[in-house]
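Undergrad: Quick one: this structure, given as structure tokens, is what I'll be asking you about.
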Amino acid sequence: MRSMEERKEVARRFGALVTQLARDKGIAIESGAGGRNELARKLDINVSMVSRALDGDVLPQIWQFAKWAKVLDYPLRNLMVESGVIGAEDWPEEGAPAVPSVTTPQQVLTPDAAADSWQITNPIIRRGLIASIENALAMQADENARSGVDGGAAARG
Numbered sequence: 049m050r051s052m053e054e055r056k057e058v059a060r061r062f063g064a065l066v067t068q069l070a071r072d073k074g075i076a077i078e079s080g081a082g083g084r085n086e087l088a089r090k091l092d093i094n095v096s097m098v099s100r101a102l103d104g105d106v107l108p109q110i111w112q113f114a115k116w117a118k119v120l121d122y123p124l125r126n127l128m129v130e131s132g133v134i135g136a137e138d139w140p141e142e143g144a145p146a147v148p149s150v151t152t153p154q155q156v157l158t159p160d161a162a163a164d165s166w167q168i169t170n171p172i173i174r175r176g177l178i179a180s181i182e183n184a185l186a187m188q189a190d191e192n193a194r195s196g197v198d199g200g201a202a203a204r205g
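Note that our numbering has the sequence shown beginning at 49, numbered continuously upward.
Okay, here's the thing in structure tokens:
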């Protein structure tokens, strides 16, 4: 588990990266320039959250990373790895070995089992974690369907 300081550093790195990506796309993100409102509209979140993310104060919810990547026209893996949200080893590049839990179905954890294995007992935190996992699984199944990859059923457990 990451320390509070490590989480703050990841938020700062994410903010710096998305700020640069927005500028590279010609989005004027300076306060009052309208770019933050434009991003908020495209991301379907409030401008305060956009500002806090760009300023490196917070990270988006896990389900929002794909939206940021799409809006900024940047690969989701690169966005997450370069900002330090995940390590490069956590999401191998194309052609790298498959994720063991997908290729070995007996090792697949259900969202409940994952919460149990991490000893997440607070009901609110647990519901949030399980919802995030289920959302990630649905997103992966959609991606698998779009790319013709068979493996969504194994990933869903």
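We put the beta carbon where it would ideally sit given N, CA and C, even for glycine.
1) In terms of residue numbering, what span does the alpha helix (DSSP H) encompassing lysine 118 cover?
2) Rounded to whole angstroms, how far is the Cβ of aspartate 121 from the Cβ of alanine 59, which I believe are closer than 8 angstroms?
3) Since I believe alanine 162 is in contact with isoleucine 134 (beta carbons under 8 angstroms), could you give me their beta-carbon distance rounded to a whole number of angstroms?
4) Tell me, to the nearest whole angstrom, how far the beta carbon of valine 95 is from that of alanine 88; I am working on the premise that it is less than 8 angstroms.
5) Could you tell me if glycine 63 is buried or exposed, where buried requires 16 or more neighbouring beta carbons within 10 angstroms of its beta carbon?
6) At the level of alpha carbons, what is the spacing between glutamate 142 and serine 51?
7) If leucine 65 and serine 131 are in contact, beta carbons under 8 angstroms, what's the gap, nearest whole angstrom?
8) Apart from the five residues on each side of it in sequence, which residues of its chain come closer than 6 angstroms, Cβ to Cβ, to alanine 136?
9) Taking the alpha carbon of isoleucine 178 as the reference point, which residue from Ser195, Ala193, Thr158, Met187 has its own alpha carbon closest?
TA: Taking the geometry as given:
1) Locating residue 118 in the sequence shown gives position 70, counting from the first residue. That run of the alpha helix (DSSP H) goes 113-119.
2) Taking the sequence shown and counting its residues from 1, the one referred to as residue 121 is at position 73. Taking the sequence shown and counting its residues from 1, the one referred to as residue 59 is at position 11. Going by Cβ atoms, the distance from aspartate 121 to alanine 59 rounds to 22 angstroms, so no, they are not a contact pair.
3) Taking the sequence shown and counting its residues from 1, one reaches residue 134 at position 86. Taking the sequence shown and counting its residues from 1, one reaches residue 162 at position 114. Incorrect: roughly 16 angstroms between the Cβ atoms, too far for contact.
4) Walking along the sequence shown from the start, residue 95 turns up at place 47. Walking along the sequence shown from the start, residue 88 turns up at place 40. Correct: roughly 4 angstroms between the Cβ atoms.
5) Translated into positions along the sequence shown, residue 63 becomes position 15. Buried is the call here.
6) If you number the sequence shown from 1, residue 142 lands on position 94. If you number the sequence shown from 1, residue 51 lands on position 3. Roughly 31 angstroms separates the two Cα atoms.
7) Walking along the sequence shown from the start, residue 65 turns up at place 17. Walking along the sequence shown from the start, residue 131 turns up at place 83. The pair is a contact, with the Cβ atoms about 5 angstroms apart (cut-off 8 angstroms).
8) For the purposes of this step, residue 136 is taken as the residue at position 88 of the sequence shown. So the list reads Val129, once near-sequence residues are dropped.
9) As a working mapping, residue 178 is identified with position 130 in the sequence shown. The shortest Cα separation from isoleucine 178 among Ser195, Ala193, Thr158, Met187 belongs to Thr158.
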